[in-house]
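Residue numbers (the numbering used here): 578 to 1231.
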């Protein structure tokens, strides 16, 4: 195995990097669709948007209003909220924004020479939400010990005159290509609310941001260039930042790579030359620090090191960079504490297994999945479905990203089925409703490992086709092993997943399907698509509490309800036994409580009141050991559900 393969153990293979980028772009598309009614656009920037996924990678986003823009001349200011760019006299890359039509609130306007300018500092403070703080040009918020940065920027659809040098300058090789440059120029740039500290008007100035252009350039790098950039970032975080904290930042590393890639032949950036590539970048960085001048990639006149590096801290930085150059990649990796990837016992399969583990458990996977499900569940579903189908047809994503597209589609389908079932209760003979639901079920059946089939089985149960429901359940249980249907409630399930799914020749797509089954709670928030006993149970819980309907337990519950309806008590006993045995595999008391409640429901439906009360009683005892946020809702739900059942039994005379 060559050095690039071993570095892929740390930073990701080409396929995984492509997957990260595709999922980020999918999240961006859906978020922009969600905010379309308020004319807002959503852009993923920072390391997450670039496909760099370290633990705790930055989740930086940029948002702007589509009816607000920056223009270069009075003649272009034809819309109400247009702002005229006035270049800063103090530093290239900064500007003031003149409110040409005087359309903005006076509390975010600063008057200079009797002219109204949009103030960057007042803009950041405007409508600041509780829990948010100002961090540079961004509004920062900490959620679950994770920091999210959001820059409220303004779109600049034209290419700034000060960056024309980037278009015209001579290049040794063809990176970036003419097509990439054309795309970058056409997409324009943004201005973000932060000024040059040396300027008299720094509280009111704005900085021209090329984040979209930088992301496009990052996505155009080959894998050797991508690995080199990751190595530079690793050096910064593990070595340089310790010796000289708060001097250099990852943006300098990105700029170093861009200039090196632009001024070296493409033949250099090959797998066998990666150590040379790394040392070349360090030489360029050394030169920047030595001269205390790091030119911005798009505006070379702007020295980004002007207030970062000085004659006092320069020499320690030069010593560190020189030593990293001397020891090369292997020595640097040892120095960074990542020597495990150089172990000769590491094989391709172990690299694949490590990346499977990294991806399935990464913040990125959680972020993308939760973001997608939240967007879909709170937005016009028909519109999102249409958007997803269009993206599938037009967007050349990798296999796994396409799978995530399809998961989004199946979630939409479940939400639609839930709404259609409400109408179906009112008019059970509505043929058109049945056909629409069956069409949605066919989509889900082809897409999803478990949820599509379980949704189909539930629908058949609800419309009285019990044998068809059992047929779906039997097929599901025969095709997929138990760990693939279980929520990952303990480490043993994850170990089973890693042991069977990883390093066995399965495609990434298949592995992610299985990983999705581990994470996904079955038809969450889809109340009407459940059998009535479970519907009563979930309705007793407050909206902020998620009821765990894991696929495996729900499969046994649904199977038992089918056998109760068919009066097949022999098979009912077997199915109930499977659900009872499920308790032995669970370690999380929250899941244990609900599994016992499910068994109590089945016993009640069998008219076995004594057993039902016993199972609900044991669930109540365990519920009182749960954390307060779950204890009271669970305990109250058990008592409420028992009251509902007893009331129903009293009314029906059962």
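Ideal placement from N, C-alpha and C gives every residue a C-beta, glycine not left out.
Proximity to residue 684 [Cα-Cα], best of 704, 670, 677 and 678: Start at 1 with the first residue of the chain shown, and residue 684 comes out as number 107. The option with the nearest alpha carbon to residue 684 is 704.
Check whether residue 779 and residue 687 have beta carbons under 8 Å apart: Taking the first residue of the chain shown as position 1, residue 779 is located at position 202. Taking the first residue of the chain shown as position 1, residue 687 is located at position 110. Against a cut-off of 8 Å, the Cβ pair of residue 687 and residue 779 comes out as no contact.
Cutoff 7 Å; reference residue 681; Cβ partners in own chain excluding five residues on either side: As a first step, residue 681 must be located in the chain shown, where it is residue number 104. Once the five neighbours on either side are set aside, the close Cβ partners of residue 681 are 695.
Secondary structure of residue 913, DSSP reduced to three states: Mapped onto the chain shown, residue 913 falls at position 336. Coil, per DSSP.
Contact belief for residue 730 with residue 828 at Cβ below 8 Å, rounded distance in angstroms: Taking the first residue of the chain shown as 1, we reach residue 730 at position 153. Taking the first residue of the chain shown as 1, we reach residue 828 at position 251. So it is not a contact: roughly 16 Å between Cβ atoms.
Endpoints, beta strand (DSSP E) assigned at residue 877: For the purposes of this step, residue 877 is identified with residue 300 of the chain shown, where counting begins at 1. First-last for residue 877: undefined, no H or E at that position.
For residue 715 and residue 777, the rounded distance between their alpha carbons: Position 200 of the chain shown, counted from the start, is the residue given in the question as residue 777. Position 138 of the chain shown, counted from the start, is the residue given in the question as residue 715. For residue 777 and residue 715, the distance between alpha carbons rounds to 21 Å.
Simplified DSSP assignment, three categories, for residue 707: Numbered from its first residue, the chain shown carries residue 707 at position 130. Three-state result, residue 707: coil.
Which listed residue (1034, 1210 and 879) has its alpha carbon closest to that of residue 742: Reading the chain shown from its first residue, position 165 is the one you call residue 742. Cα-wise, what sits closest to residue 742 is 879.
Nonlocal neighbours in the same chain, by C-beta distance under 7 Å from residue 916, ignoring five residues either side: The count along the chain shown starts at 1 and reaches residue 916 at position 339. Taken in chain order, the residues that qualify are 910.
Three-pair Cβ contact test at 8 Å for the region 662-676 versus the region 756-765: no
Sequence-distant residues of the same chain with beta carbon closer than 8 Å to residue 748, five excluded per side: Sequence index remark: in the chain shown, residue 748 carries index 171 (1-based). If we look at residue 748 and ignore the five residues flanking it on each side, its Cβ neighbours are 839 and 840.
Close-in-space but distant-in-sequence residues of the same chain around residue 718 (CB under 6 Å, 5 per side omitted): Here residue 718 corresponds to residue number 141 of the chain shown, with the count starting at 1. Hits under 6 Å: 708, 709 and 725.
Rounded separation between residue 589 and residue 1204 - CA only: Within the chain shown, the letter at position 12 stands for residue 589. Within the chain shown, the letter at position 627 stands for residue 1204. Looking at the two C-alpha atoms, the distance is approximately 38 Å.
Assigned secondary structure, residue 1080 (DSSP; H/G/I helix, E/B strand, else coil): For the purposes of this step, residue 1080 is taken as residue 503 along the chain shown, with counting starting at 1. Annotation note: pLDDT 39 at residue 1080 (below 50); position unreliable, no value reported.
Counted within 10 angstroms of its Cβ, other Cβ atoms place residue 1210 as buried (16 or more) or exposed: Looking up residue 1210 in the chain shown gives position 633. Buried, by the Cβ-count rule.
Proximal residues to residue 799 (C-beta, below 8 Å), its chain only, five neighbours per side dropped: Start at 1 with the first residue of the chain shown, and residue 799 comes out as number 222. Within the same chain, residue 799 has close Cβ partners 846.
Pairwise C-alpha distance: residue 1050 and residue 1056: Within the chain shown, the letter at position 479 stands for residue 1056. Within the chain shown, the letter at position 473 stands for residue 1050. Spanning the two alpha carbons is a distance of roughly 10 Å.
Three-way DSSP call (helix, strand, coil) for residue 860 in this model: The sequence position of residue 860 within the chain shown is 283, counting from 1. Of the three classes helix, strand and coil, the one that applies to residue 860 here is helix, per DSSP.
Limits of the unbroken beta strand (DSSP E) element including residue 796: Residue numbering aside, residue 796 sits at position 219 when the chain shown is read from its first letter. Here residue 796 belongs to no beta strand (DSSP E); instead the alpha helix (DSSP H) covers 788-797.
Alpha-carbon spacing of residue 1072 relative to residue 1180, whole angstroms: Taking the first residue of the chain shown as 1, we reach residue 1072 at position 495. Taking the first residue of the chain shown as 1, we reach residue 1180 at position 603. Caution is warranted here: a pLDDT of 41 is assigned to residue 1072, below 50, making its placement in the model unreliable, and the coordinate value is therefore given only provisionally. Roughly 33 Å separates the two Cα atoms.
CB-CB length for residue 621 against residue 648, believed under 8 Å: Locating residue 621 in the chain shown gives position 44, where the first residue counts as 1. Locating residue 648 in the chain shown gives position 71, where the first residue counts as 1. About 26 Å; that fails the 8 Å criterion.
Sub-8 Å separation of residue 786 and residue 767 beta-carbons: Taking the chain shown and counting its residues from 1, one reaches residue 786 at position 209. Taking the chain shown and counting its residues from 1, one reaches residue 767 at position 190. Taking 8 Å as the Cβ cut-off, residue 786 and residue 767 qualify as a contacting pair.
CB contact flag (residue 788, residue 662, <8 Å): Reading the chain shown from its first residue, position 211 is the one you call residue 788. Reading the chain shown from its first residue, position 85 is the one you call residue 662. It is not a contact, given that the beta carbons lie outside the stated cut-off.
Residue environment, residue 887, which counts as buried when at least 16 other CB atoms sit within 10 Å: Numbered from its first residue, the chain shown carries residue 887 at position 310. It is exposed - the Cβ of residue 887 has fewer than 16 other Cβ atoms within 10 Å.
For residue 1146, three-class secondary structure by DSSP: In the chain shown, residue 1146 corresponds to position 569, counting from 1. If DSSP states are grouped into helix, strand and coil, residue 1146 belongs with the helices.
Beta-bridge pairing of residue 728 - partner residues as DSSP gives them: Locating residue 728 in the chain shown gives position 151, counting from the first residue. Residue 728 is bridged to 639.
Contact under 8 Å by Cβ, residue 902 with residue 834: Residue 902 sits at position 325 when you count from the first residue of the chain shown. Residue 834 sits at position 257 when you count from the first residue of the chain shown. Against a cut-off of 8 Å, the Cβ pair of residue 834 and residue 902 comes out as no contact.
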